[in-house]
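A.B. asks: Residues are numbered in the working numbering as their position in the sequence shown, beginning at 1, plus a constant of 931.
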Amino acid sequence: MSNQLPVINLMGPTASGKTALACELYEKGGFELISVDSALVYKDMDIGTAKPTKAEQELYPHHLIDIISPLEVYSAAQFVDDASLLIDQIHAKGKTPILVGGTMLYFKALLEGLSSNLPNADQAIRDEIEAKAESEGWDVVYADLCAIDPLAGQKFNVSDKQRIIRALEVYKLTGQPITQLQAEQPKNLPYRYKFHNYALMPDRVELHKRIEQRLKIMWDIGFLSEVESLIEKYDLNENLPSMRSVGYRQVLDFLKNGDRSHNKIAEMEDKALFATRQLAKRQYTWLRSLQKTHTIQTFCTVKQAQEDLRNFYD
932 MSNQLPVINL MGPTASGKTA LACELYEKGG FELISVDSAL VYKDMDIGTA
982 KPTKAEQELY PHHLIDIISP LEVYSAAQFV DDASLLIDQI HAKGKTPILV
1032 GGTMLYFKAL LEGLSSNLPN ADQAIRDEIE AKAESEGWDV VYADLCAIDP
1082 LAGQKFNVSD KQRIIRALEV YKLTGQPITQ LQAEQPKNLP YRYKFHNYAL
1132 MPDRVELHKR IEQRLKIMWD IGFLSEVESL IEKYDLNENL PSMRSVGYRQ
1182 VLDFLKNGDR SHNKIAEMED KALFATRQLA KRQYTWLRSL QKTHTIQTFC
1232 TVKQAQEDLR NFYD
């Protein structure tokens, strides 16, 4: 076990301060940063993702930022492959990787491995499922899932659209329920790593204040204009994973509606705020779930985390 490579995982909900903490650790020397964020992978999506600025990235370089266009898809499996390669390269330099972000699915995939033989995504099948949902409703599609995979039906809610699509897609491709395949298939556990897991989990009231403040700054510095520029540059639609990111989805809906009245702008901003708070809630839920099977030290404040992480650089 002594030859396991140390990896620091710094998790937390949006606006919790984890990126600032990771940058402070980077300044101590001996570290490199790897982004664990499904939105930061997209080029030209800067303001709405709270992406570190170009100047900040020069001071604190992050791997896995700006690696694909908003038209492309990036999976948890791709993240594990990319992050594992980077972790090994960083250790080869004699440094310690810090993985920082809020995409808990990516952390879970890295910590536990992924089922090895599930089929790749099939866009034609996904389009077919989404078309049925649009014409008949998600309740009908969810009922289809419950009929072919009752266990998945118990685990998922009708609002878990992406998970429902994936489960139905796997069944259509293999003829077997995804829950059965996941239970039967071996997982590629990354035994060569020693994970040190930390999570920033501020008080909910405090976090909601920080989310509201961050969104106000985003609107002030041109989030709306950023999405308009994206629409001009790319052939975007609401079904792309990039445009399902919180904030972008609400702005895209607003721009498609065409009503630029003050009331509609305020409504869009309120929807984005609510969606971001819901994202934070889901991130808390993911973290609590991960805590059941992994040791994760949690902190309410950045200061508390700094004290505990001191042993990595003292």
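We put the beta carbon where it would ideally sit given N, CA and C, even for glycine. Model, not experiment: these values are computed from the prediction.
Determine the contact status of S966 and V1011, defining contact as a CB-CB distance below 8 Å.
C.D. replies: Numbered from its first residue, the sequence shown carries residue 966 at position 35. Numbered from its first residue, the sequence shown carries residue 1011 at position 80. No, the pair does not count as a contact, with Cβ atoms beyond the cut-off.
A.B. asks: Mapping the DSSP letters down to three states, classify H1022 as helix, strand or coil.
C.D. replies: Along the sequence shown, read from residue 1 onward, the residue named residue 1022 stands at position 91. Correct three-state label for H1022: helix.
A.B. asks: In chain order, what residues of the same chain lie with their CB nearer than 6 Å to the CB of T1216, ignoring the 5 residues before and after it?
C.D. replies: On the sequence shown, position 285 is the one that residue 1216 refers to. So the list is empty, once near-sequence residues are dropped.
A.B. asks: Pick out whichever of K1234, E1065, V938 has its Cα sitting closest to the Cα of I1273.
C.D. replies: Only positions 932 to 1245 of the chain appear in this structure, which leaves residue 1273 out of reach.
A.B. asks: Taking only the alpha-carbon atoms, compute the straight-line gap between K1075 and A1197 and give it to the nearest angstrom.
C.D. replies: Here residue 1075 is taken as the residue at index 144 of the sequence shown, counted from 1. Here residue 1197 is taken as the residue at index 266 of the sequence shown, counted from 1. It is Asp, not Lys, that sits at residue 1075 in the sequence shown. Taking the straight line joining both Cα atoms gives about 38 Å.
A.B. asks: Return the CA-CA distance between M932 and I1056, expressed in angstroms with no decimal places.
C.D. replies: What you label residue 932 is simply residue 1 of the sequence shown in a count that begins at 1. What you label residue 1056 is simply residue 125 of the sequence shown in a count that begins at 1. Bear in mind that a pLDDT of 41 at M932, under 50, signals an unreliable position, so the number given afterwards is only what the model happens to contain. Spanning the two alpha carbons is a distance of roughly 44 Å.
A.B. asks: Please name the residue or residues paired with K1125 in a DSSP beta bridge.
C.D. replies: Here residue 1125 refers to the residue found at position 194 when the sequence shown is read from its first residue. Looking at the DSSP assignment, K1125 forms a beta bridge with P937.
A.B. asks: Reducing DSSP to helix, strand and coil, say where G1084 ends up.
C.D. replies: Translated into the one-based positions of the sequence shown, residue 1084 becomes position 153. In the structure shown, G1084 sits in a helix (DSSP, three-state: H, G or I).
A.B. asks: Looking at the strands, I want to know which residues DSSP matches up with I1109.
C.D. replies: Here residue 1109 is taken as the residue at index 178 of the sequence shown, counted from 1. Looking at the DSSP assignment, I1109 forms no beta bridge with any residue, so it has no partner.
A.B. asks: Suppose contacts are defined by Cβ-Cβ distances below 8 Å. Is A953 in contact with L964 by that definition?
C.D. replies: What you label residue 953 is simply residue 22 of the sequence shown in a count that begins at 1. What you label residue 964 is simply residue 33 of the sequence shown in a count that begins at 1. Yes, they are a contact pair.
A.B. asks: Which of helix, strand or coil does DSSP assign to Y973?
C.D. replies: The residue given as residue 973 occupies position 42 in the sequence shown. If DSSP states are grouped into helix, strand and coil, Y973 belongs with the strands.
A.B. asks: Could you compute how far the alpha carbon of L1219 sits from the alpha carbon of A1211?
C.D. replies: Taking the sequence shown and counting its residues from 1, the one referred to as residue 1219 is at position 288. Taking the sequence shown and counting its residues from 1, the one referred to as residue 1211 is at position 280. Looking at the sequence provided, one finds Arg at residue 1219 rather than Leu. So the alpha carbons of these two residues sit roughly 12 Å apart.
A.B. asks: Quick one, are the C-beta atoms of K949 and L1221 less than 8 Å apart?
C.D. replies: Numbered from 1 along the sequence shown, position 18 holds the residue referred to as residue 949. Numbered from 1 along the sequence shown, position 290 holds the residue referred to as residue 1221. Not a contact, by the Cβ cut-off of 8 Å.
A.B. asks: Closest by CA to F1205, which one among D977, A1023, K1140, F1087?
C.D. replies: Position 274 of the sequence shown holds residue 1205. Per the Cα distances, K1140.
A.B. asks: Starting from the C-beta of D1239, find all residues in its chain whose C-beta is less than 8 Å away, skip the five residues before and the five after it, and write them out in chain order.
C.D. replies: The residue you call residue 1239 lines up with position 308 of the sequence shown. Counting only Cβ-Cβ distances below 8 Å, and skipping sequence neighbours, we find Y1129, Q1228, F1230.
A.B. asks: Can the beta-carbon of T1207 be found less than 8 Å from the beta-carbon of G1189?
C.D. replies: The residue you call residue 1207 lines up with position 276 of the sequence shown. The residue you call residue 1189 lines up with position 258 of the sequence shown. For T1207 and G1189, no; Cβs fall outside 8 Å.
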